[in-house]
Structures are given as structure tokens and as C-alpha cells.
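Q:
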Amino acid sequence: MNPWESFFLQESSLAGWFGRLPVRGAGPGFQSSCRPARGPSPDQVYYVSWGTVRGIVLDEDERTIALRTLQQYGDGDCWAIDAAVVLPEQVDILIHSRRSQGGRCDTLELGSILQRVLTQTARRIGQVRGYWGPVWQEGHLERLVRDDEELRERWRLIRDQPVRRLLAAAPEDYAWFYQRTIWR
12 MNPWESFFLQ ESSLAGWFGR LPVRGAGPGF QSSCRPARGP SPDQVYYVSW
62 GTVRGIVLDE DERTIALRTL QQYGDGDCWA IDAAVVLPEQ VDILIHSRRS
112 QGGRCDTLEL GSILQRVLTQ TARRIGQVRG YWGPVWQEGH LERLVRDDEE
162 LRERWRLIRD QPVRRLLAAA PEDYAWFYQR TIWR
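Counted from 1, the sequence shown has number 108 at position 97 by the working numbering; the numbering is strictly sequential.
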């Protein structure tokens with residue numbers, strides 16, 4: 012087992028928001044996906060990050076397309092996006108699984124939601140650009156958030172990205188930052 016696998020296969024025994032689920036992810040050339048045997052446990056939180064293909068920098072209209080698509084898919088019955096930031100070359104989100112609606116959510120995996128978002132944003136951005144090639148890099152970083160401390164840390168990471176990259180003076184000033192819930 013390589014170091015990435017051992018890092019992402021750790022299990023949590025914390026109650027509440029954080030259930031138990033082995034997570035695969037990250038590493039050079041490794042396409043991450045979450046494929047639990049019976050779907051996600053309710054209320055699991057994931058930090059997910061992906062980038063654009065080399066040479067593609069999203070302009071303001073394209074970032075708006077990406078953020079609106081995230082908001083559209085991130086307020087479903089099975090998954091909810093709590094925080095997101097769309098940067099010129101990267102997207103970071105905090106997403107959590109919701110309780111099953113009569114078993115309907117048991118088969119809806121995080122990977123399928125991400126695939127829908129990536130496909131739809133790439134198609135819409137391609138229409139705006141008149142470009143019909145890949146927009147997003149293959150694969151993404153997917154990390155199961157283990158506890159409240161890590162949840163706050165990941166939220167701050169997402170929130171502060173525009174300020175660290177000198178895209179805004181304050182996170183609230185950045186038009187492509189979205190949050191449903193505030194963690195302090």
C-alpha cells in the first residue's frame with residue numbers, strides 16, 4: 012500500500028457528522044472516486060478540489076457558470092454544498108451527504124454528482140469560448156473530513172483562497188465564493 016492509500020484509507024469512529032467510510036483519493040495521475048458498498052452514510056462531509064487543464068484560466072463569466080452549476084447541483088435531496096470557491100484555475104468545495112429519501116440517495120455517489128457538475132460546466136464554458144476540448148483536469152482531490160476541527164480548517168482554506176491569491180481584499184468581496192453555513 013502506498014502512502015497516499017494509507018492516508019486516505021484511515022477510518023474515523025467519531026459520531027454525529029462523521030461516519031465511517033474508507034476514502035480513496037489524490038496522488039499523481041490518480042482519479043479519485045467514492046464508491047461505498049451501499050452509498051454514502053448520512054451527513055458525511057468531503058473536501059473536494061479540482062483544477063483546470065493547463066493553459067485554461069477561467070474568466071469572470073466562466074467562473075459564474077461554474078459557481079451557478081455548483082449551486083444548482085449542490086442543493087439536492089442527497090448532497091448539499093456548504094462552501095465553494097471558484098478560482099481562475101481551481102475549484103474547492105465542502106459537500107455533505109444528506110439523509111436518504113426512501114432509499115433514493117443510497118445509490119447516488121459523490122463521484123456521479125461531480126461528474127455531472129464537471130460535464131455540465133465544461134459544456135457551458137465550451138459554448139462561451141467556442142472551444143470543444145477538456146476544461147478540467149482528469150481526477151480530483153477528495154478528502155473525507157474527520158472532525159469539527161478539520162471541518163473548520165477546510166472551510167477557512169476555501170474562504171481565504173481569494174485573499175491569499177490576491178484576488179480580493181476580503182473573502183466576502185470575492186464574487187465566486189459561496190457559503191451556506193458559517194463555521195467559526
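Glycine included, every Cβ here is placed at the ideal spot set by N, Cα and C.
(1) Pick from 66, 182, 103: whose alpha carbon is nearest that of residue 78?
(2) Which residue wins for smallest C-alpha separation from residue 144, given the options 150, 134, 152?
(3) Can you check which of these residues, 100, 71, 108, 181, is closest to residue 89 by C-alpha distance?
(4) Rounded to the nearest angstrom, how far is the Cβ of residue 64 from that of residue 106, given a contact under 8 Å?
(5) Consult DSSP for residue 122 and reduce its assignment to one of helix, strand or coil.
(6) For the segment 60–97, which segments carrying the beta strand (DSSP E) assignment without a break, of at least 3 residues, lie completely within its bounds, in sequence order?
(7) If we ignore side chains and look at the alpha-carbon of each, how far apart do residue 130 and residue 180 end up?
(8) Check whether the Cβ atoms of residue 124 and residue 189 lie closer than 8 Å to each other.
(9) Quick check on residue 148: does DSSP put it in helix, strand or coil?
(10) Between the C-alpha atoms of residue 82 and residue 121, what's the straight-line distance to the nearest angstrom?
(11) Can you tell which of 72, 160, 126, 95 has its C-alpha closest to the C-alpha of residue 149?
(12) If you count every other CB in all the chains shown that lies within 10 Å of the CB of residue 70, and 16 or more means buried, which is it?
(13) To the nearest angstrom, how far is it from the Cα of residue 158 to the Cα of residue 164?
(14) From which residue to which residue does the alpha helix (DSSP H) around residue 174 run?
(15) Mapping DSSP to helix, strand and coil, what is residue 184?
(16) What does a CB cutoff of less than 8 Å around residue 175 pick up in its chain, not counting 5 residues either side in sequence?
(17) How about residue 166 and residue 95: are their beta carbons less than 8 Å apart?
(18) Give me whichever residues DSSP pairs with residue 56 in a beta bridge.
(19) Considering only the beta carbon of each residue, do residue 80 and residue 132 sit closer than 8 Å?
A: To lay it out plainly:
(1) Along the sequence shown, one-based indexing puts residue 78 at 67. With distances taken between Cα atoms, residue 78 lies closest to 103.
(2) By one-based count along the sequence shown, residue 144 stands at place 133. Taking the Cα of residue 144 as reference, the smallest distance to any Cα among 150, 134, 152 is reached at 134.
(3) Position 78 of the sequence shown, counted from the first residue, corresponds to residue 89. Cα-wise, what sits closest to residue 89 is 108.
(4) As a first step, residue 64 must be located in the sequence shown, where it is residue number 53. As a first step, residue 106 must be located in the sequence shown, where it is residue number 95. Wrong, their Cβ atoms sit about 22 Å apart, outside the cutoff.
(5) Counting from one through the sequence shown, the residue named residue 122 turns up at place 111. Here residue 122 sits in helix by DSSP.
(6) With a minimum length of 3 residues, the continuous beta strand (DSSP E) runs that stay inside the segment 60–97 are 90–97.
(7) Counted from its first residue, the sequence shown places residue 130 at position 119. Counted from its first residue, the sequence shown places residue 180 at position 169. Note on geometry: alpha-carbon atoms of residue 130 and residue 180 lie some 32 Å from one another.
(8) Position 113 of the sequence shown, counted from the start, is the residue given in the question as residue 124. Position 178 of the sequence shown, counted from the start, is the residue given in the question as residue 189. Not in contact: residue 124 and residue 189 (Cβ atoms no closer than 8 Å).
(9) As a first step, residue 148 must be located in the sequence shown, where it is residue number 137. Look at residue 148 here: in three-state DSSP terms it is coil, with no helix or strand label.
(10) The count along the sequence shown starts at 1 and reaches residue 82 at position 71. The count along the sequence shown starts at 1 and reaches residue 121 at position 110. The straight-line gap from Cα to Cα measures roughly 15 Å.
(11) Against the sequence shown, residue 149 aligns to sequence position 138. The residue with the shortest Cα to Cα distance from residue 149 is 126.
(12) Within the sequence shown, numbered from 1, the residue matching residue 70 stands at position 59. The residue in question, residue 70, is exposed, as its Cβ has fewer than 16 Cβ neighbours within 10 Å.
(13) Translated into the one-based positions of the sequence shown, residue 158 becomes position 147. Translated into the one-based positions of the sequence shown, residue 164 becomes position 153. Each residue's Cα considered, the two are about 10 Å apart.
(14) Your numbering for residue 174 matches position 163 in the sequence shown. From DSSP, the alpha helix (DSSP H) with residue 174 extends over 159–175.
(15) Counting from 1 along the sequence shown, the entry for residue 184 is found at position 173. Here residue 184 sits in helix by DSSP.
(16) Translated into positions along the sequence shown, residue 175 becomes position 164. Counting only Cβ-Cβ distances below 8 Å, and skipping sequence neighbours, we find nothing.
(17) Taking the sequence shown and counting its residues from 1, the one referred to as residue 166 is at position 155. Taking the sequence shown and counting its residues from 1, the one referred to as residue 95 is at position 84. No, these two residues do not count as a Cβ contact at 8 Å.
(18) Counted from its first residue, the sequence shown places residue 56 at position 45. Under the DSSP definition of a beta bridge, residue 56 partners with 107.
(19) In the sequence shown, the residue the question calls residue 80 occupies position 69. In the sequence shown, the residue the question calls residue 132 occupies position 121. Result yes, Cβ atoms of residue 80 and residue 132 sit closer than 8 Å.
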